[in-house]
Amino acid sequence: MNVPGPRSRELAQALRRVESRNVTYVDERLPVFWESAHSSTVVDVDGNRFTDLTAGFGVANAGHGNAAVAAAIAHQAGVLMHAMGDVHPARVKTDLLDKLAQIAPAGLGKTFLASTGAEAIEAAIKTAIVATGKSSFAAFRGAYHGLSLGTLEVGGIEKFRKPFRRVLPNRAVLLDFPREGDDADAHLEIARRTLEAHDDVAALLIEPIQARGGHFVPPRGYVRGLRDLCTSLGILLIFDEIYTGFGRTGSMFACMAEDAVPDILCIGKALGNGFPISAAIASPSIMDAWPESPGEALHTSTYLGNPMACAAAIATIGEVERLRLPQRAAALGSLIEPHFEQLRANGKIVDVRGRGLMWGLELRNPALAARAVKDALAAGVIVVQAGAEGNVLSVTPPLVIGEEELLHAIDILAGCLSAP
Ligand code: PLP
66 MNVPGPRSRE LAQALRRVES RNVTYVDERL PVFWESAHSS TVVDVDGNRF TDLTAGFGVA
126 NAGHGNAAVA AAIAHQAGVL MHAMGDVHPA RVKTDLLDKL AQIAPAGLGK TFLASTGAEA
186 IEAAIKTAIV ATGKSSFAAF RGAYHGLSLG TLEVGGIEKF RKPFRRVLPN RAVLLDFPRE
246 GDDADAHLEI ARRTLEAHDD VAALLIEPIQ ARGGHFVPPR GYVRGLRDLC TSLGILLIFD
306 EIYTGFGRTG SMFACMAEDA VPDILCIGKA LGNGFPISAA IASPSIMDAW PESPGEALHT
366 STYLGNPMAC AAAIATIGEV ERLRLPQRAA ALGSLIEPHF EQLRANGKIV DVRGRGLMWG
426 LELRNPALAA RAVKDALAAG VIVVQAGAEG NVLSVTPPLV IGEEELLHAI DILAGCLSAP
């Protein structure tokens with residue numbers, strides 16, 4: 066395939082003149098500019114077709130251009146595009162919050178809405194500070210919670226923090242994220258000793274399956290054990306399910322497979338299936354630590370509860386339920402696991418891991434991963450790099466992807482990885 070085609074190349078040059086050069090990476094083989102996308106197929110501006118094994122950063126769980134979500138947004142745009150989130154809200158905001166309380170793990174039912182994942186984490190962090198009166202946090206090496214200053218404070222990938230270190234208070238206590246096969250009890254014991262040594266920890270923040278850090282699945286019992294540990298130490302537990310939520314790992318939320326309920330759950334990405342919306346959902350007793358609004362909210366934003374975003378989220382949840390996407394992700398995960406396992410024999414692959422439709426293929430080095438991303442693109446498959454060093458290929462397709470298309474894309478990927 067002629068990738069990037071002439072139109073993509075032109076657009077890349079135009080973009081370089083008007084966008085911060087830090088944002089879009091451009092080289093001889095990247096990027097392609099998307100023109101349209103449907104289900105798991107993307108068409109670029111030159112008419113090239115690709116299978117998207119990223120779901121656009123884990124967003125389009127119900128498929129790109131999902132008809133029900135698109136119709137809900139279009140309808141809402143026709144009647145009410147914007148309201149006054151924390152002053153005169155849209156009716157549909159209440160509908161969404163009711164729905165979130167129904168689908169959230171038991172006991173969680175009071176929500177802050179926001180637009181991006183980082184904002185949901187910020188809301189959770191501020192809630193933990195208000196609820197506990199404490200001011201520091203525990204988090205994990207390799208964790209990715211967003212790039213705002215507040216979330217960098219709990220971020221575990223050093224390259225993102227480095228340029229800003231002088232303004233970050235550096236109060237987060239970092240733990241190692243355990244790997245599948247590790248001894249859960251040994252890691253829990255380390256966590257206990259570490260947390261006991263710090264008396265100002267408001268909350269422990271964890272992705273139940275670490276996503277951008279490299280798709281690490283912790284050993285069974287670890288997440289559940291953290292729940293018990295945090296309860297016994299009086300530390301709040303925040304789950305960042307911004308990537309793992311809405312069926313991605315084979316259950317509605319990854320924590321449900323661990324039988325662990327956090328004090329605060331953060332969601333985003335697939336919540337709007339492409340419309341920006343996120344949320345931090347807490348138990349009422351924790352959320353009620355915030356004072357009643359005296360007429361001016363202490364924490365809000367212009368787009369909080371935007372009606373189009375709320376309509377998109379309600380429709381997305383409807384689609385996740387109607388299409389039984391968690392079950393579908395689990396079934397497709399079982400289907401592709403043996404194919405990935407076969408790849409282990411390939412000398413370039415160090416490890417294969419994942420759950421549901423979130424998989425990471427760890428390669429020997431980042432250069433191999435970067436080349437595989439470009440080779441796959443030229444062969445019609447979109448994948449991205451993950452891992453703190455970029456040495457992991459991330460496979461997180463839309464959960465609606467067809468079996469045949471998925472297996473074909475994995476074959477293409479395997480072919481790229483076996484090239485000399
Ligand atoms: N948390 C996790 C687990 C993520 O994967 C991401 C983004 O990739 C974020 C938070 C930040 O979300 P956003 O980029 O919408 O701010």
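So in the numbering used here the end of the sequence shown lands on 485, straight run, no missing numbers. Ideal Cβ positions, reconstructed from N, Cα and C, are used throughout, including at glycine.
Taking the C-beta atoms as reference points, G172 is found nearer than 8 Å to S348. Taking 4 residues as the shortest admissible run, the region 171-247 contains the following complete alpha helix (DSSP H) segments, listed from N- to C-terminal end: 182-197, 214-217, 223-226. Taken through DSSP and simplified to helix, strand or coil, H252 comes out as helix. Note on geometry: alpha-carbon atoms of A179 and V385 lie some 21 Å from one another. Here the distance from the Cβ of Y368 to the nearest heavy atom of ligand 1 is not below 7 Å. The Cβ neighbour count for Y90, taken over all protein chains shown within 10 Å, is under 16; the residue is labelled exposed. Residue environment analysis places D293 among the exposed positions, since fewer than 16 neighbouring C-beta atoms fall within 10 angstroms of its C-beta. The beta carbon of M317 lies closer than 8 Å to those of I168, G310, F311, V385, P391 in the same chain, with the five residues before and after it left out. By the beta-carbon neighbour count (other beta carbons within 10 angstroms, threshold 16), K334 is buried. Contact between the region 205-224 and the region 179-193 is present: 3 or more CB-CB pairs across the two stretches fall below 8 Å. At a threshold of 7 Å, G333 counts as near ligand 1, since its beta carbon sits closer than that to one of the ligand's heavy atoms. Closer than 7 Å to some heavy atom of ligand 1: that describes the Cβ of R277. Here the distance from the Cβ of I307 to the nearest heavy atom of ligand 1 is below 7 Å. For V385, the enclosing alpha helix (DSSP H) starts and ends at 372-387. A Cβ-Cβ distance of about 37 Å is found for the pair S201 and A155, leaving them out of contact under the 8 Å criterion. Taking C-alpha positions only, E245 is separated from A267 by approximately 27 Å.
Secondary structure of S399 (DSSP, three-state): helix. With a cut-off of 8 Å on Cβ pairs, the region 395-405 is not in contact with the region 436-449, counting fewer than three such pairs. A distance of 8 Å or more separates the beta carbons of V465 and G211. In the structure shown, G425 adopts extended strand secondary structure according to DSSP, grouped into three states. For E468, the enclosing alpha helix (DSSP H) covers residues 468-483.
Just so you know, the alpha carbons of D416 and E254 end up roughly 26 Å apart.
A residue is called buried once 16 or more other Cβ atoms fall within 10 Å of its Cβ, and F405 is buried on that count.
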